[in-house]
Amino acid sequence: LKAQSVQLTVNTAGNQKINKEIYGHFAEHLGRCIYDGFWVDEKMNVPKQGRIRMDVVNALKKIKLPLLRWPGGCFADQYHWSDGIGPVEKRPKTVNSNWGMVSEDNSFGTHEFLQLCDLIGCEPYIAGNMGSGTPQEMSNWIEYLNFNGQSALADLRRKNGHDKPYNVAYWGVGNESWGCGGDMTPEYYTDNYKQYAAFCKNYPGAPLKKVASGANSEDYNWTEVCMKNIHPWQMWGISMHYYTVVGNWEKKGSATEFNEEGYFKGMKNCLHIEDLINKHSAIMDKYDPQKKVALAVDEWGIWTDAEPGTNPAFLYQQNSLRDALVAASSLNIFNNHCDRVKMANLAQTVNVLQALILTDKEKMLLTPTYHVFDLYKVHQDATLLPLNFTSPDYTFGSEKIPAINASASKDASGAIHITLVNIDPTKKITVNTSFGGANLNSSEAQIVTSGKFTDINTFDQPNKVKAASFSDFKKNGNQLSVNMPPMSVVLVTLK
Ligand code: AHR
18 LKAQSVQLTV
28 NTAGNQKINK
38 EIYGHFAEHL
48 GRCIYDGFWV
58 DEKMNVPKQG
68 RIRMDVVNAL
78 KKIKLPLLRW
88 PGGCFADQYH
98 WSDGIGPVEK
108 RPKTVNSNWG
118 MVSEDNSFGT
128 HEFLQLCDLI
138 GCEPYIAGNM
148 GSGTPQEMSN
158 WIEYLNFNGQ
168 SALADLRRKN
178 GHDKPYNVAY
188 WGVGNESWGC
198 GGDMTPEYYT
208 DNYKQYAAFC
218 KNYPGAPLKK
228 VASGANSEDY
238 NWTEVCMKNI
248 HPWQMWGISM
258 HYYTVVGNWE
268 KKGSATEFNE
278 EGYFKGMKNC
288 LHIEDLINKH
298 SAIMDKYDPQ
308 KKVALAVDEW
318 GIWTDAEPGT
328 NPAFLYQQNS
338 LRDALVAASS
348 LNIFNNHCDR
358 VKMANLAQTV
368 NVLQALILTD
378 KEKMLLTPTY
388 HVFDLYKVHQ
398 DATLLPLNFT
408 SPDYTFGSEK
418 IPAINASASK
428 DASGAIHITL
438 VNIDPTKKIT
448 VNTSFGGANL
458 NSSEAQIVTS
468 GKFTDINTFD
478 QPNKVKAASF
488 SDFKKNGNQL
498 SVNMPPMSVV
508 LVTLK
């Protein structure tokens, strides 16, 4: 192994909070995410609460999953919430026309989703239907959920078993309204946003945090028009969706069979999200210099071809060490931009796209990406400590990207956490870090790595890629020196 080193300085006097909602996730009625992921057959022999799978819930509790977005995605703009309440046997069967034209029995609806959030201990984030719904329908859903007084809708909620209001706060007004959410122009969307949002009421004790449906990747004009036409006080945030695609949308590339070119392109395209955040933020700064409006990256992750032999409309993909590095690098970027990025939701938790968990009947496995979220949970609601360093390059052919990325934070107890990523597939890189005047006594570290970028966890070998304790580092006063193996994610905790 060729060795390299980099010098990194941590500014221990940060003042920006890393919103825990940056560690949010997304669960859509798509493929086997809800049905057969979270919500299983009554007869399945796994621990359950009703039909909610508790091994999945417990794994998500362990990483302190803070926020779950539902019911879509594209599905949100075809979802009529009243189909999913009341006695299950009376709920209509509908068609999931976005994802495989499969029958939707609506057995998992509003109450079931909110029970799931309650079991996980996370905040719900509901995407309301603007595409095929009406302002009245969206308004009714919020009244049903959040009104504590007497009204036909609040009474219906009580009749359906939930006396107290749910006080749902995070509310998406449409999803990808430039595409599957209605193919709108930004001008048309912003007029619609204002109309719908005007009827999304703040019931006593339940102020809404409304999220406008934002841009697709580089669509800066969308952000410009939204920021120009919607006043900062009319929205909590505006979203941005970006998926890491290695090839193109027709042939994205395999999740498991790729060479160094596929690895390099995956990492390069993942790091591109920082450029997007910078450019969308710069537009937002013009209209909202005080950064009151959040940039909510409410869909992100690597999107590959579906696993061979599975329904292509179900978007089931395996998850490799490359995906763990995509997650770790993206989360470092979000942390470092936490002045504007206040929410992010990885797509999509279980059995779809960059999932944390894969299931096969009773079996369940944690993906490499899961272990990154386990390491990074220490950053939730901590104070960002800005970093200063210049990374060595990882060169492939005529192209290069930074080999090292990192973020650091200080938690409420005063502990400092630094998460480092070495993307280079062959070089060990020593990261020498100085922590200014910090008084640090103890240190410990954990690592996620593996021998090959294509390494995955399978139902036969579920622990090939996992978090392990790590000792190849030295602390000398407030200087830290970490020997980062190739393709590794390291968390060092200093107290
Ligand atoms: O996550 C899969 C799909 O990707 C979502 O439904 C949609 O919002 C996006 O295009």
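If you read the sequence shown in full-length UniProt numbering, its first letter stands for residue 18, the second for the next number, and so on.
Think of the CB as a built atom: it goes at the ideal place given N, C-alpha and C, for glycine as much as any other residue.
Taking 9 angstroms as the cut-off, the beta carbon of LEU85 is found no closer than this to the beta carbon of LYS37.
CA-CA distance, LYS378 to MET61, rounds to 8 angstroms. Residue environment for GLU316: buried (at least 16 other C-beta atoms within 10 angstroms of its C-beta). ASN192 and HIS258 have their C-alpha atoms roughly 10 angstroms apart. Within the same chain, and ignoring the five residues on either side of ASN165 in sequence, the residues whose Cβ sits closer than 6 angstroms to its Cβ are PRO182.
Cβ atoms of MET504 and THR447 stay farther apart than 8 angstroms, at about 16 angstroms. Rounded to the nearest whole angstrom, the C-alpha separation of ASN123 and SER430 is 44 angstroms. Taken through DSSP and simplified to helix, strand or coil, LEU370 comes out as coil.
Taking the CA atoms as reference points, ARG357 sits about 6 angstroms from LYS308. DSSP, reduced to helix, strand and coil, places LYS226 within a strand of the structure shown.
Taking a contact to require three or more Cβ pairs closer than 8 angstroms, the region 238-247 and the region 299-313 qualify as touching. Between the region 471-481 and the region 450-463, the count of Cβ pairs shorter than 8 angstroms is below three; the stretches do not touch. Considering only ALA399, LYS444, GLY264, the residue with the shortest C-alpha distance to HIS434 is ALA399.
Every beta strand (DSSP E) of 3 residues or more that sits fully in the region 321-381 is shown, in chain order, as 358-364, 374-377.
Here the C-alpha atom of ALA323 lies approximately 16 angstroms from the C-alpha atom of GLU45. The three-state reading of DSSP puts LEU170 in helix, counting H, G and I together. The shortest C-alpha to C-alpha distance from ALA423 to any of GLU416, ASN449, THR443 is the one to ASN449.
By the neighbour-count criterion, in which 16 or more other beta carbons inside 10 Å mark a residue as buried, LYS79 falls on the exposed side. Taking 8 angstroms as the upper bound for CB-CB distance, ASN163 and ALA215 are not in contact here, some 16 angstroms apart. When distances are taken from the beta-carbon of ASN115 to the heavy atoms of the ligand AHR, the shortest one is below 8 angstroms.
GLN95 is the residue among GLN95, HIS179, PRO141, TRP116 whose C-alpha sits nearest the C-alpha of THR151. TYR237 has its Cβ no nearer than 8 angstroms to any heavy atom of the ligand AHR. With contacts defined by Cβ atoms closer than 9 angstroms, VAL263 and SER346 do not form a contacting pair. By the neighbour-count criterion, in which 16 or more other beta carbons inside 10 Å mark a residue as buried, ASP340 falls on the buried side. Taking C-beta separations shorter than 6 angstroms and ignoring five residues to either side along the sequence, PRO104 has no partners in its chain.
Taken in chain order, the whole alpha helix (DSSP H) runs of length 4 or more contained in the region 90-136 number zero. The C-alpha of GLY148 is placed about 5 angstroms away from the C-alpha of GLY199. Taking every protein chain shown into account, the CB of VAL112 has fewer than 16 other CB atoms within 10 angstroms, so this residue is exposed. Membership of TRP250 in any alpha helix (DSSP H) is not indicated, and neither H nor E is assigned to it by DSSP. Counting only residues of its own chain and dropping the five nearest sequence neighbours on each side, GLN335 has a CB closer than 7 angstroms to the CB of ALA272, THR273, GLU324, ILE473. The C-beta separation of VAL63 from VAL367 comes to about 13 angstroms, leaving the pair out of contact by the 8 angstroms criterion.
Sequence-distant partners of TYR220 (beyond 5 residues in either direction) whose C-beta falls short of 6 angstroms from its own C-beta, in its chain, are ASN163, PHE164. GLY90 and LEU511 have their C-alpha atoms some 39 angstroms from each other. The closest heavy atom of the ligand AHR lies less than 8 angstroms from the beta carbon of ASN192. Not one heavy atom of the ligand AHR is found less than 8 angstroms from the C-beta of VAL112.
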